[in-house]
Each structure stands twice: as structure tokens, then as C-alpha cells.
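Taking my numbering, the leading residue of the sequence shown gets 607, the next gets one more, and so forth. Below is one structure, written out as C-alpha cells; comments come after it.
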Amino acid sequence: MSFKSLGLSNALIKAVDKQGYTTPTPIQQKAIPLILEGKDLLASAQTGTGKTAGITLPMLQKLSQGQQLRPRPIRALVLTPTRELAAQVYNNVRDYSEFLDIRSAVIFGGVKQKPQVATLRKGVEILVATPGRLLDLQNQGILSLAKIEILVLDEADRMLDMGFLRDIKKIISLMPTRRQNLLFSATFSREIKNLANQFLHQPVLVEATPENTTVDAIEQK
Ligand code: AMP
């Protein structure tokens, strides 16, 4: 099994090669073709399974194939519970988009908003964000979610534990109803199922056994 056989473009294969990845992990093998097909996903995969690339690579491919609008509207939003996770996901997005004309940014609270605002004003297609700062900047009219095509809720169970349910609902209400939704959660609690029932459209269930390391995850297939 290779990244090429999953249907990824040459620009993305080049970026994957640069990272030194040779084989897609189990979650990548399952998720990448489904995301490319445009399916909604309800996925359980923890950190260490290679889930970030599993989400980001097909997302980048879809965005780079679509119509390229100028100024660039935000077309994909990745919501994360913490600034650490947001920064980590953003670093991955940047690495994998190196050979594409796709811009991305990360915003989170606890730091000055000015540099984040300056980046947003230049236009980005992918925004990685924590819910509070996102709503704050949206309320100030600095960003719009009206052109979102793909929504990713990463570590959704942690976001609910941290009390972000209301924010998530508000954020979703600002997006077009026709969009692709990818919900990642370590557990499928009743609350997560409720969220999925409310916002996902006929989701495909994808599960990857938690592994300590990606190498384990590859061997486990
Ligand atoms: P994640 O589960 O997304 O936090 O990824 C865990 C680690 O695995 C990260 O350091 C990635 O760079 C790495 N990784 C992701 N996909 C692969 C792959 N196919 N082969 C080897 N390492 C990978």
C-alpha cells in the first residue's frame, strides 16, 4: 500500500516523501480515500496513529482541486481544544502544503491578536483554531466562515469536556449547511454521538486502534 495508490496528487506525494513516510498508517489507509470521495467521517483515532496527515492530506488535495478564489476565502476549518494541538496541526498543514498554492493560519487565545489578524487579512484557505479566539475574531468582523467547505472537529471529546459545546454550535451556525464534516474523537460517548447526529451527514464510521507509536500502527495493519 502506497500513498500514491490512495489517490493523492504528486505535490502531496512529494511532501510526504520529504517527511520520510513510506507507508500510510491504518487510519490514513481508511480515511484518505473516504475524505477524497467527500464523505462525512466519524472517526476514533488518537495521537500517534498518524491521524493528522490522514485528515490534512486529502483536505489539501480537495482544496487545491477546487476553484481558486481571490481574495482567498477560508474554505476549511480545523477546530481543536487547545493551542498546543492547534499549533501541532498547523505545522503539519504547512509541511504538507509546501508544494501547493494553499495558504493556512493558526489562531488561539492567550496571545495578542494583532499578528493573527494581519495573517488573516492576507487571506488563507485553511484555518486551524481554538473555539474562543475564533468566535472573538468572527465577532469583530475579522473573519468569515460563510465559504467553509470542510469542517474538522479534532479531539471533539476533549472540546466537549472543556465546555466548548455552545461555541461549537455557534461556529457551525455561521457556516454553509452544505459542507464536509470530519469528527475525530478518542471516545464515542453519548454526547459525541449527539453531536454527530446533529451535524454529520450520513457519516462513515472509521476506527483505528490506539497505538503508542506510528511504527506500531503501521506494523499492526
Ligand atoms: P499524529 O497521530 O497525527 O499525531 O502523528 C504521529 C506522528 O506520526 C507524527 O510525528 C507524524 O509525523 C508521524 N507520521 C504520520 N504519518 C506517518 C506515516 N505514514 N509514516 C510514518 N510516520 C508518520
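All C-beta atoms, glycine included, are put in the ideal place defined by N, C-alpha and C.
{"query": "CB-CB length for A735 against L685, believed under 8 Å", "result": "6 Å"}
{"query": "In DSSP terms, what E813 is bridged to", "result": "S650"}
{"query": "Inter-stretch contact (C-beta, 8 Å, three-pair minimum) for the stretch 629–640 and the stretch 684–702", "result": "no"}
{"query": "Close Cβ partners of K610 (< 8 Å) along its chain, the five nearest in sequence each way excluded", "result": "I619"}
{"query": "For I778, three-class secondary structure by DSSP", "result": "helix"}
{"query": "Any non-hydrogen atom of the ligand AMP within 7 Å of T653 CB", "result": "yes"}
{"query": "For S710, three-class secondary structure by DSSP", "result": "strand"}
{"query": "Neighbour-count burial assignment, T658, 16 or more Cβ in a 10 Å radius", "result": "buried"}
{"query": "The alpha helix (DSSP H) enclosing I732, as first and last residue numbers", "result": "Taken as a continuous stretch (DSSP letters only), I732 belongs to no alpha helix (DSSP H), being part of the beta strand (DSSP E) at 732–735."}
{"query": "Cβ-Cβ separation, F805 to N787 (assumed contact under 8 Å), whole Å", "result": "6 Å"}
{"query": "Endpoints, the alpha helix (DSSP H) within which L642 is located", "result": "632–642"}
{"query": "Where the alpha helix (DSSP H) containing Q786 begins and where it ends", "result": "From DSSP, Q786 is part of no alpha helix (DSSP H) but of the beta strand (DSSP E) over 786–790."}
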